[in-house]
Amino acid sequence: MLITSEGITEFQSKEQVWEDANYKVGWKGFVFILGVATGVESVMAFLEELRMSGMVAAVKLLKGHFFMTVYDKQADMYYAFIDNSGAFEAFHMEAIVSTSFLALAKKSGYGKERVSKESIIEFLNFGNIYHNRTLVDGIFKIDCNEIIVLCNHKKTILSKELEKLDDACPKVDVMEFFRLFSKSVHHLKVSADLTGGVDSRLVCVLLDHHGVPFEAAITGRNGIQDVEVPKQVASALKHELYVSEPCVDRLEQRVPELFAWCDGMNDLFKHYRTLPHHQNREQRGIDLVISGIGGEFFKENMWVQDFPFYARKKSNIRRFLRMRMLQIKCKSTYFAGEYKALNDGFEDLVVQKLEPYLLDMNTKTYDSIYYHFRMKTVASTFISAASHLFGCYSPFLEYDLVRYGFHLKRRERFFNQYHRKMITQLNAPVAKIRTAEGGISVSFEKTEILKDMVKYIRNRTRRATKVLGRKLFHKTYLQESPEHPELFKTIRSMRVTQEAIALLKQEGILDDKLHMSEILDTHLGNMVTIALFMRLLEGKDVREGQGKQQENSLAVASV
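Start counting the sequence shown at 1; every next residue gets the next number (UniProt numbering).
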């Protein structure tokens, strides 16, 4: 969807429009008002609130992960915004708004000179561009607190006036939220992510408790704990579980599709499992996918680098960056000329950018960074990609629930206490099923907690060892991988990878003497994505050299 002062054009898959005498509304993604049916009924209720209270008040009523544009026919004015959680990606430049970064980049007419050196280094290290920026100078992501206004070929930006993360705790009843949410989605065919962890289990238990019919689904290799544990949980809940196993056959032929799917916003190979997994869901007629993303704000995972000191006034941003965000930095030997110096100073620059998120307690600071700097970038890319096929929603990423979790007492988030209480209250047998996180349960019963304590300490030690292994040996140890064992061998053998590295050398980014064997697995996809984007800016077809598009064979679905 592309919006200018002259109208809405270039509709893509799953983008919808509804209008009455006064307004025309276009949207993509999953949008609803609590207790009201999703889609048109919620849009109509939103317009009624708009007439009574104005735009700023009306947008605060909306829930979900979505992009929306509203055309006021009388004022001849377009409004454009995303959900209040920042979990959806849409973009703006000059007086144009688009749901696609690649489409906007092509329309801009910009050349590769608009891709800054700093952005290239950031993308190659992180696999993303943060803080509402993109690879192209002049094209920005719409922030969750912004309303873009287009009128007379001019752009202005209004504030939604959302509360800050650390403002007073909102009045939220999680059970009531899910009751009303369940009412809003009762007419949809739902698929819920179910992993071996605790966040997705909590969501599935809540959906089951409120009577939402749903299937469960997971992508990964049969036999690993992150797939075997969900089988036990799904069986106990009496919901069918679908497993999509990863496959790398004909991966190279699907590179253009993966590039378009991720919209050039992150490592395209991060989607080699999720794309076919979602296509399998689409074939089963799924309308809405629900995940446990956001459950991090109800537990301690983002704090463990400071364990057990969760109430310090001093925050260690650099340690948080190294352990939670940038565990494997690009080697300076990758780069040529100015890029080498930029990479050497990259960590210091990121620490400086994170300083505005400092709060009065270490764990609050880490929550703030994780939400504003990371979650709204990484999660939004995957959610927006899935929205090409159906709605995608993470209830615990809803801004009110994020803020509620942020204000929980430290002890309520320690040792999965919040999850333990809720799951045990709703389904005690399911709470006792061991997780893939060190084999601990999520039961609140004292005997189970005592048994879990030893495993918890052991799991924390393993996590620390895993991080150390990444730092020292650039590999993940002591963890079963859901990835296909031949994934990176396949990526290294592909012509598109070789051409990408050659192009980046030609552009003066990579050192001419760099061999592919010197490049770590985690950075290969970032390099391929950057190279394809540069080809796109030059007006070249990213499908060149890829051969004929072949049928989907990346995942095999099983029940």
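Note that the Cβ used here is the ideal one computed from N, Cα and C, for glycine as well.
From a predicted model like this one, the values you see are computed outputs, not experimental measurements.
Item	Value
C-alpha distance - Gln-549 paired with Thr-134, whole-angstrom precision	Model confidence at Gln-549 stands at a pLDDT of 36, short of 50, so the residue's coordinates are unreliable and nothing is read from them.
N-terminal and C-terminal residue of the beta strand (DSSP E) that Asp-20 is part of	Looking at the DSSP string, Asp-20 is not in any beta strand (DSSP E), and its letter there is neither H nor E.
Contact set for Asp-512: own chain, Cβ-Cβ below 6 Å, skip 5 residues either direction	Lys-505
Nearest-angstrom Cα separation, counted from Glu-538 out to Thr-497	18 Å
Contact check, Gly-64 vs Asp-267, beta carbons under 7 Å	no
Cα-Cα separation between Leu-188 and Glu-41, rounded to whole angstroms	14 Å
Contained alpha helix (DSSP H) runs [length at least 4] in the segment 49–132, N- to C-terminal order	55–59, 101–108 and 117–126
Enclosing beta strand (DSSP E) for Cys-151 [first to last residue]	146–151
DSSP three-state assignment for Lys-155, whether helix, strand or coil	strand
Nearest residue (CA-CA) to Ser-200, options Lys-540, Lys-451, Thr-435 and Ile-519	Thr-435
contact_flag[the segment 259–274, the segment 123–130] where n(CB pairs < 8 Å) is 3 or more	yes
Contact between the segment 301–308 and the segment 345–359 (3+ Cβ pairs under 8 Å)	no
Length-filtered (4 minimum) alpha helix (DSSP H) runs lying within the segment 234–307	255–262 and 274–283
Candidates Ala-45, Leu-532, Glu-282 and Tyr-334, of which the one nearest Ile-519 by Cα	Tyr-334
CB-CB length for Leu-536 against Ala-105, believed under 8 Å	7 Å
Inter-residue spacing [alpha-carbon to alpha-carbon] between Phe-415 and Phe-178	23 Å
Outcome for Leu-150 when other beta-carbon atoms lying within 10 angstroms are tallied against a minimum of 16	buried
Inter-residue spacing [alpha-carbon to alpha-carbon] between Lys-183 and Arg-51	25 Å
Same chain, Cβ closer than 6 Å to Leu-251, neighbours up to 5 away in sequence not counted	Thr-490
Val-198 burial status per 10 Å Cβ neighbour count (16 or more: buried)	buried
6 Å Cβ shell around Asp-83 - same chain, five flanking residues per side excluded	Gly-64, His-65 and Phe-66
Contiguous beta strand (DSSP E) assignments of at least 3 residues, all confined to the segment 329–400	391–393
Bounding residues of the alpha helix (DSSP H) (the contiguous stretch that carries Ser-493)	487–493
6 Å CB neighbourhood of Asn-427 in its chain, flanking five on each side removed	Val-205
Stretch pair the segment 379–387 + the segment 273–282: three plus CB contacts closer than 8 Å	yes
Integer-rounded CB distance, given that Phe-140 should sit under 8 Å from Phe-91	7 Å
Per-residue burial, Thr-9 [other beta carbons within 10 Å of its own, 16 or more giving buried]	exposed
Beta-bridge pairing of Leu-202 - partner residues as DSSP gives them	Leu-202 pairs with nothing; no bridge assigned.
Check whether Pro-170 and Asp-367 have beta carbons under 7 Å apart	no
Cβ-based burial, Glu-6 [other Cβ within 10 Å; buried from 16]	exposed
Residues that Gly-26 bridges to, as DSSP identifies them	Val-17 and Thr-69
Backbone CA spacing between Ser-85 and Ala-500 [nearest angstrom]	35 Å
Under the three-state DSSP convention, the category Lys-446 falls into	helix
Cβ-Cβ separation, Glu-240 to Glu-215 (assumed contact under 8 Å), whole Å	5 Å
Glu-282 versus Ser-13, Tyr-79, Arg-221 and Lys-73, residue with shortest Cα-Cα distance	Ser-13
Bridge partners - Leu-510, DSSP secondary structure assignment	Phe-335
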